[in-house]
Each structure stands twice: as structure tokens, then as C-alpha cells.
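Peer 1:
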Amino acid sequence: MKKIALITSGGDCGGLNAVVKGAAQMATRKDITPYVIPNGYAGLYNLINMDELVELSPSRVDSFSIGLAGSEAGHSRVKISKIKDRNKYKRIKDGLAKFGIDGLVISGGDDTGSVVADLAARRIQCVHAPKTMDLDLMPYSVGGDSTINRIGFFVSELKTTGRTHNRIMVVEVFGRYAGHTAFRGGAAGAAAAMLIPEIPVAFDDPYRHAKNVYTKRVIESDVNA
1 MKKIALITSG GDCGGLNAVV KGAAQMATRK DITPYVIPNG YAGLYNLINM
51 DELVELSPSR VDSFSIGLAG SEAGHSRVKI SKIKDRNKYK RIKDGLAKFG
101 IDGLVISGGD DTGSVVADLA ARRIQCVHAP KTMDLDLMPY SVGGDSTINR
151 IGFFVSELKT TGRTHNRIMV VEVFGRYAGH TAFRGGAAGA AAAMLIPEIP
201 VAFDDPYRHA KNVYTKRVIE SDVNA
């Protein structure tokens, strides 16, 4: 293997630049030249039309800030499964062959998991670096820690606004069908209650709980607020 290309796909999140930087540096140490395919799967599909690829040289990679959210590789919301082209995989293989790319490192969520399986079934070598703010792929993935920390921070900050204006604050967060970010982020921010998809509740239950917490807070306040 002489050349690999990196792709980031789906929603952006904290940690993606660390994936790009780490994969590129590891490849360089093994005498493999790393490149980046821009704009996710849109870039992969249109690779055949590109004139050149950007090499992730050591000097370029050193300039990446791993603390900066988003991805230096660029994203798109294009899904290969939604591309209505019967020859799309041949087109992708031809694009990779054009630049002599031997394998792909793709950082993405659950959709990327199925894409990697489809590409591998067509003899395109791939590595999946799991990335999701929903934490619904595995116990720990790129983006998860940043998400929980930010949720905890904003929940804590909003509580002061709620107290000041005598309000009950409701925060909706990422997670889709999994409650990991809501539960962990809520716990980090000391939320009064966390509602997650795994435990359905009747509307009356959180309403009653919120009312009791609010009433208790007002009664115990020396300014009735």
C-alpha cells in the first residue's frame, strides 16, 4: 500500500481534525502517502472529474488544530445510497484508480458503517473511524466527549437564566433514537430531569416533576423567585 485517502462524512463535530491528523501522521510514518478527498461522499463520487488531490504533507498536517471543531477535509450530506447511478461504484473505483489510491480511511457515523461495508464488498479497502455525536455506534466514538461536555456546559448556563426569569428551561439535544448524550450531558449539567427514548414516559410525569421542582425553588427563595 503506497497511497491512502481520508474522508470525513456526515455532521461535523469535535475531534475530526484529530482523526485526519492522526491518520495522516501514522500513514507517513509507514511510508504511505496520505491524501484528502474533499467534501465527503460527494467528493468520492466526483473523484474521477478532479485534476488533482491535496496531499496531507507533514507541514500541512502540522498546521491543523486538533482543538478546532469541524473538519479540514470538508463535508457534504450526500449519501452514496441516495445517488441514482447504477454504475456509481465503478465510477468510484475508476476515480481511486486514477490517483492510485490503495485504501480509504473514512470517519463518519452509522451511515458510514454501511457505506464502508458496501465498498469493502466491492474490494475497496476501507477503515472506518467511528464518529457520532449520538454515541449510538459504540460506547465511545469521536465527537461524543465534546458533545457531552458542551451539553453539560450549556445546561448549567441555562439554569441561571431559568432562575433569573422564573422559568422552566427545556433543552433538546442530539441523539436521534439513543439517549446517551441527553442522559450524560444532563447529568454533567445537573439537570433536574432527563428524558430519553429508551424509557418512554407519560407527559404528566415530567410535567408534575417540573412543577414540583419549580414550586420548591420559589418557596425556598427569600425573594420568591
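Numbering (the numbering used here), first residue to last: 1 to 225.
Ideal Cβ positions, reconstructed from N, Cα and C, are used throughout, including at glycine.
Quick caveat: nothing in here was measured; it's all calculated off a predicted structure.
1) Contact between the region 133–149 and the region 89–99 is defined here as three or more beta-carbon pairs at a separation below 8 Å; is this criterion met?
2) Going by DSSP in three states, Y177 sits in which element: helix, strand or coil?
3) In three-state terms, what does DSSP make of Y140?
4) Counting along the chain, where does the alpha helix (DSSP H) carrying G40 start and finish?
5) How long is the line joining the alpha carbons of N46 and R217, rounded to whole angstroms?
6) Which residue wins for smallest C-alpha separation from R29, given the options D102, P58, C13 and I48?
7) N166: buried (16+ other C-beta within 10 angstroms of its C-beta) or exposed?
8) Go ahead and pull the three-state DSSP assignment for K131.
9) So, does the region 180–190 touch the region 147–158, judging by three or more C-beta pairs under 8 Å?
10) Kindly indicate which residue of T160, G144 and A24 has the alpha-carbon position closest to the one of G179.
11) Going by the beta-carbon positions, is the gap between A73 and I7 smaller than 8 Å?
12) Tell me which residues share the same chain as Y214 and place their Cβ nearer than 7 Å to its Cβ, disregarding the 5 neighbours each side in the sequence.
13) What does the alpha-carbon distance come out to for the pair I83 and T112?
14) At a cut-off of 7 Å, is R217 close to the ligand MN when judged by its beta-carbon and the heavy atoms of the ligand?
15) Am I right that A24 and V61 are in contact with their C-beta atoms under 8 Å? What's the rounded C-beta distance?
16) In angstroms, rounded to a whole number, what distance separates the CA positions of P130 and V19?
17) What's the C-alpha gap between R176 and A42?
18) Near L119, which residues of its chain fall below 6 Å by C-beta distance, leaving aside the five closest residues on each side in sequence?
19) What do you get for V105, buried or exposed, if any count of 16 or more other CB atoms within 10 angstroms of its CB means buried?
20) If you drop the 5 nearest sequence neighbours on each side, which residues of the same chain put their C-beta closer than 7 Å to that of L16?
21) Short of 6 Å in beta carbon distance, which residues of its chain neighbour S156, apart from the five on each side in sequence? Order them along the chain.
Peer 2: Well, looking at it:
1) no
2) Translated into positions along the sequence shown, residue 177 becomes position 177. Residue state, collapsed to three classes: coil.
3) By 1-based counting over the sequence shown, the position of residue 140 is 140. Of the three classes helix, strand and coil, the one that applies to Y140 here is coil, per DSSP.
4) The sequence position of residue 40 within the sequence shown is 40, counting from 1. G40 to Y45 is the extent of the alpha helix (DSSP H) around G40.
5) Numbered from 1 along the sequence shown, position 46 holds the residue referred to as residue 46. Numbered from 1 along the sequence shown, position 217 holds the residue referred to as residue 217. Answer to the nearest angstrom: the Cα atoms are 58 Å apart.
6) Looking up residue 29 in the sequence shown gives position 29. Out of D102, P58, C13 and I48, P58 has the C-alpha closest to the C-alpha of R29.
7) Position 166 of the sequence shown, counted from the start, is the residue given in the question as residue 166. Its Cβ having fewer than 16 others within 10 Å, N166 is exposed.
8) Your numbering for residue 131 matches position 131 in the sequence shown. Strand, per DSSP.
9) yes
10) Indexing the sequence shown from 1 puts residue 179 at position 179. The option with the nearest alpha carbon to G179 is G144.
11) Here residue 73 refers to the residue found at position 73 of the sequence shown. Here residue 7 refers to the residue found at position 7 of the sequence shown. Cβ distance < 8 Å, so A73 and I7 count as in contact.
12) Position 214 of the sequence shown, counted from the start, is the residue given in the question as residue 214. Same-chain partners within the cutoff: I168.
13) Stepping through the sequence shown from its first residue, residue 83 is reached at position 83. Stepping through the sequence shown from its first residue, residue 112 is reached at position 112. Straight-line Cα distance between these residues: approximately 15 Å.
14) The model on display carries no ligand, and the ligand MN is accordingly not part of it.
15) Here the question's residue 24 lines up with position 24 in the sequence shown. Here the question's residue 61 lines up with position 61 in the sequence shown. Contact holds; Cβ gap of about 5 Å.
16) Start at 1 with the first residue of the sequence shown, and residue 130 comes out as number 130. Start at 1 with the first residue of the sequence shown, and residue 19 comes out as number 19. Computed Cα separation, rounded: 10 Å.
17) Along the sequence shown, one-based indexing puts residue 176 at 176. Along the sequence shown, one-based indexing puts residue 42 at 42. Between R176 and A42, the C-alpha separation is close to 24 Å.
18) Numbered from 1 along the sequence shown, position 119 holds the residue referred to as residue 119. Correct list, in chain order: C126.
19) Here residue 105 is taken as the residue at index 105 of the sequence shown, counted from 1. V105 is buried by the Cβ-count criterion.
20) In the sequence shown, the residue the question calls residue 16 occupies position 16. Excluding residues within five positions, the ones whose Cβ falls inside 7 Å are T8, G70, S71, S107, K131 and V142.
21) For the purposes of this step, residue 156 is taken as residue 156 along the sequence shown, with counting starting at 1. Once the five neighbours on either side are set aside, the close Cβ partners of S156 are G189.
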